[in-house]
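The block underneath contains the structure these notes are about, expressed in structure tokens.
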Amino acid sequence: MAVGACMFKASGTDEVSKWWSSVAGVAAHWLTGNEDAAERLYPVVSALPASLEENIDPLPRGVHLAFEARRAFLSAKSGVCHSDCLGKCSDASRMLADSLCYADHTEVSPLTRAVQLLACEWLLSTRTNVWEAETLGSQQGMPLATLSQLKAFQEDLASLRKISTTIQSVYSTVFLHEATARLMAGASPTRTQLLLHRTLRKRYVSVEGQDSAVEGESGKREKAKALLMACRHLPVEMLSRPGQQVGMLVEAAQMFETLGDRKSLKDCHELMVSFRGLGLNLTSAVC
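Heads up: the sequence shown begins at 913 in the numbering used here, then just goes up one per residue.
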């Protein structure tokens, strides 16, 4: 049964509908970095309705676990161990993979695919955030992810690639997370830079028989994330022009501001402060 069907055909329809609408609300608030508004919906999303718990498609359970994992990370204090968060990610990953396998053998709605994408994005973003948090707390430069972290990340990336076969607009997201996987593994930065560059390109879609360049909110968000990742993790020598690194960061900040993503905008500003501490000229970059 597809997500759209289970919302209206399962017993306790109002409870189920309220749960899915709260999931959508949390997702929207997390995108804009409005964690206070998201927290008001946490009690509803935390209580998975019994009818969804028993659904033949494990997707609702996967979404619930992915939510709990991301919530655990966002609520954690600086410097704490994220093992509980990663454990929840692993459980959610298995549910998502099972849901994708289930979808191979039954007809699923576009809404189901969108929810699968949401769960996958939560998992990959949470795993990335955990690695970056450990990176920021390290005194030894950029530490590599553990083998178990890399394996788990690659499994979620495989799920994202599978989703991209039915939602083509996800390709730029795939490139971004492929680049992240390479950064986590300490792979050659040249190929990583290329993947980030592919994320920055405008996507072309067919509109009434004509190819048109389209860059909606999703495309802008992925582009801004790619710029931030490049500034934060690529070696400075790969960004050869004077001020290029800071200029990219300023561009990312402007996009996040347009999107209303306060948390990511704050990340950009904090990185700008660190650049100022290194003596980089922010004014010339902005100009």
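Think of the CB as a built atom: it goes at the ideal place given N, C-alpha and C, for glycine as much as any other residue. This structure is a prediction, so every number in the text was calculated from the model and none was measured.
The beta-carbon distance between residue 978 and residue 1031, rounded to whole angstroms, is 5 Å. This is short enough to meet the 8 Å contact definition. One alpha carbon belongs to residue 985, the other to residue 1016, and they sit about 32 Å apart. Here residue 1036 really is in contact with residue 1072; their C-beta atoms are around 7 Å apart, less than 8 Å.
Excluding residues up to 5 positions away in sequence, 924, 927, 928 and 931 lie with their Cβ nearer than 7 Å to the Cβ of residue 961 in the same chain. Given a length threshold of 3 residues, the stretch 1009–1074 has no whole run of the beta strand (DSSP E) inside it. As the crow flies, the alpha-carbon of residue 1134 is around 19 Å from that of residue 1043. Here residue 1157 is actually not in contact with residue 1180; their C-beta atoms are around 12 Å apart, not less than 8 Å.
The C-beta of residue 1164 has 16 or more other C-beta atoms within 10 Å across all chains shown, which makes the residue buried.
In this model, residue 1107 and residue 1101 are separated by some 10 Å (Cα to Cα).
By the Cβ-count criterion, residue 1028 is buried, with 16 or more other Cβ atoms from all chains shown falling within 10 Å of its own Cβ. The Cβ neighbour count for residue 945, taken over all protein chains shown within 10 Å, is at least 16; the residue is labelled buried. Here DSSP, grouped into helix, strand and coil, assigns residue 972 to helix.
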